[in-house]
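*Asks:* Under my numbering, the residue at position 52 of the sequence shown is numbered 437, and the numbers go up by one with no gaps.
Just so it is clear, CB atoms sit at the ideal spot from N, CA and C, and this is done for glycine as well.
Since the model is a prediction, treat every value here as computed from it, not as a measurement.
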Amino acid sequence: MDQVTIDSVPHDPACLDCAGSLDHCHGTLVVHSDFTVECTEAGCVLAHRERHALVVDCVAVAGGCSCEVSVAVSQAS
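#1: Span of the beta strand (DSSP E) holding C424?
#2: Heavy atom of the ligand GTP less than 7 angstroms from the Cβ of E423, yes or no?
#3: Give the DSSP-derived three-state secondary structure of D397 in the structure shown.
#4: Give the secondary structure of C410 by DSSP, where H, G and I count as helix, E and B as strand, and everything else as coil.
#5: Go through its chain and collect everything with a Cβ distance to V441's Cβ below 8 angstroms, but skip five positions before and after it.
Here's what the structure looks like:
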């Protein structure tokens, strides 16, 4: 049986969402200070919170985020 998916990411047979043909992404959704979002999964085409089990603020990303610096500069002005 073929599974219909939006993302071009291969499915994990051990994933219950994949097994249930649920629309989801295995990547982590990163939310920036200006509320833009990006996903760590290269094939993700719909960066919606409800599709991602993991959602983090950009300041939690290892190495920080460039928007963290721009927020600090604008707050200092």
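*Replies:* The relevant details are as follows:
#1: V422 to C424 is the span of the beta strand (DSSP E), which, as asked, contains C424.
#2: This structure lacks the ligand GTP; in fact it carries no ligand of any kind.
#3: Here D397 sits in coil by DSSP.
#4: Under the three-state reduction of DSSP output, C410 falls in the strand class.
#5: Cβ within range, chain order: T413, L414, V415 and V416.
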